[in-house]
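Residue numbers (my numbering): 887 to 1252.
Worksheet: one structure, shown below.
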């Protein structure tokens, strides 16, 4: 009998773990999740690394060596995070090979303080890729307006990219355009398109957190009825955008040259509201050709009681659009919400990076 995570995989959803630590690598826990929970990829971020560094003693020896070598905090962060990601890439290498490069990926983020500096973002993406030196690494670049050109430029260099922090459908279309532009440039330069992978990380629960706050302030029956429906509606409409874009003539030309589609990745899939079902952003976003990156708590909840009933996205587009239209009619501006979430997202990434720098500074001083 199939487990819920097996059913999810069979339905075309790649399960990635939104967490990484040296302890997880050295203890064999990552391999256990691959074997027992159908995990086929890993995503990281500065908060995850800060938490890993502040717990246990896994990094103490390396920190002593880095301190003795006179490395500053920025160099130490780069060394520690790239080492962990390289090791995770090696653990996932058999999956990468078995799936012809589609899965077995590990993501690492560019310094989020560069989110509005296109040139430096492109430089750091290249440096991360070169230092890790593994084909199954994905470089995470935020989908800010300034991030669009670095996304195209990094793809054009033949480097695989995880485009992160997407909230709006309009920005998602721009991200797909940047991806295809990068592939077109890579093709002109004679690069093998089949070796370039990308995912587009669409954030889900944060949309509900912001919209629900506004619905509660309105307080009417209609407002209450719309609670916690915006996140799924927005993500499902993103999948509609994906289906349209990757059946276009422009895409077909790239596919004929060996390109693989940029898959939608559902991020921020742990529920923030304890009154909601804890697998809501997993079971509600099942469709072929997608990725769901989950914190371990959500992964375990899915494995324990997730009800996977097949595709829960196709056929919902009219209903999803109606949800967003009803929110507009109540005075909740979609554009205002997604712009606010992007600005807050960049700030959260920057704050997390500062937290990581502080954690490493303390570790170097031990």
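No residue lacks a Cβ here, since even glycine has one placed at the ideal position from N, Cα and C.
Taking just the CA atoms, how far does residue 1185 sit from residue 1193? Position 307 of the chain shown holds residue 1193. Position 299 of the chain shown holds residue 1185. Residue 1193 and residue 1185: Cα-Cα distance of roughly 13 angstroms.
Report, in whole angstroms, the separation of the C-beta atoms of residue 929 and residue 1245, which I expect to be a contact under 8 angstroms. Position 43 of the chain shown holds residue 929. Position 359 of the chain shown holds residue 1245. The pair is not a contact, with the Cβ atoms about 19 angstroms apart (cut-off 8 angstroms).
Which residues in the same chain as residue 1003 place their Cβ atom closer than 7 angstroms to its Cβ, once the five residues preceding and following it in sequence are excluded? In the chain shown, residue 1003 corresponds to position 117, counting from 1. Once the five neighbours on either side are set aside, the close Cβ partners of residue 1003 are 1032.
Quick check: what's the CA-CA separation for residue 1042 versus residue 1006? As a position in the chain shown, residue 1042 is number 156, starting the count at 1. As a position in the chain shown, residue 1006 is number 120, starting the count at 1. Approximately 16 angstroms between the Cα atoms of the pair.
For residue 1023, tell me which candidate among 1059, 1057, 1066, 979 has the shortest Cα-Cα distance. Locating residue 1023 in the chain shown gives position 137, counting from the first residue. Among 1059, 1057, 1066, 979, the Cα nearest to that of residue 1023 is on 979.
Which class does residue 1211 belong to by DSSP, given the choice of helix, strand or coil? Mapped onto the chain shown, residue 1211 falls at position 325. Here residue 1211 sits in helix by DSSP.
Check whether the region 1076-1083 and the region 1042-1057 touch, using three or more Cβ-Cβ pairs below 8 angstroms as the test. yes
For residue 923 and residue 1170, the rounded distance between their alpha carbons: Here the question's residue 1170 lines up with position 284 in the chain shown. Here the question's residue 923 lines up with position 37 in the chain shown. Near 19 angstroms, if we compare the C-alpha coordinates of residue 923 and residue 1170.
Given residue 947 as reference, the closest of 932, 934, 936, 966 once Cα atoms are compared: Looking up residue 947 in the chain shown gives position 61. Nearest of 932, 934, 936, 966 to residue 947, Cα basis: 966.
Alpha carbon to alpha carbon, what distance is there between residue 1242 and residue 945? Position 59 of the chain shown, counting from 1, holds the residue named residue 945. Position 356 of the chain shown, counting from 1, holds the residue named residue 1242. Near 13 angstroms, if we compare the C-alpha coordinates of residue 1242 and residue 945.
How is residue 887 classed by DSSP in three states: helix, strand or coil? The sequence position of residue 887 within the chain shown is 1, counting from 1. Of the three classes helix, strand and coil, the one that applies to residue 887 here is coil, per DSSP.
So, residue 1063 versus residue 1093, is the Cβ gap smaller than 8 angstroms? Position 177 of the chain shown, counting from 1, holds the residue named residue 1063. Position 207 of the chain shown, counting from 1, holds the residue named residue 1093. The answer is no: Cβ separation not under 8 angstroms.
Residues in the same chain with beta-carbon distance under 7 angstroms from residue 1164, minus the five sequence neighbours each way, listed in chain order, please. Position 278 of the chain shown, counting from 1, holds the residue named residue 1164. So the qualifying residues of the chain are 1157, 1184, 1187.
Backbone CA spacing between residue 1235 and residue 1148 [nearest angstrom]: The residue given as residue 1235 occupies position 349 in the chain shown. The residue given as residue 1148 occupies position 262 in the chain shown. Their Cα atoms are separated by approximately 23 angstroms.
Along the chain, which unbroken stretches of the beta strand (DSSP E) at least 3 residues long are found entirely within the region 1016-1065? 1023-1028, 1047-1052
Starting from the N-terminal side, write out each stretch of the alpha helix (DSSP H) that is 4 residues or longer and does not extend beyond the region 974-1015. none
Within 10 angstroms of its Cβ, does residue 1102 collect 16 or more other Cβ (buried), or is it exposed? Reading the chain shown from its first residue, position 216 is the one you call residue 1102. Residue 1102 is exposed by the Cβ-count criterion.
Rounded straight-line distance, which links the Cα of residue 1028 to that of residue 907: Here residue 907 refers to the residue found at position 21 of the chain shown. Here residue 1028 refers to the residue found at position 142 of the chain shown. Answer to the nearest angstrom: the Cα atoms are 22 angstroms apart.
With distances taken between CB atoms, is the gap from residue 1138 to residue 1085 smaller than 8 angstroms? Your numbering for residue 1138 matches position 252 in the chain shown. Your numbering for residue 1085 matches position 199 in the chain shown. For residue 1138 and residue 1085, no; Cβs fall outside 8 angstroms.
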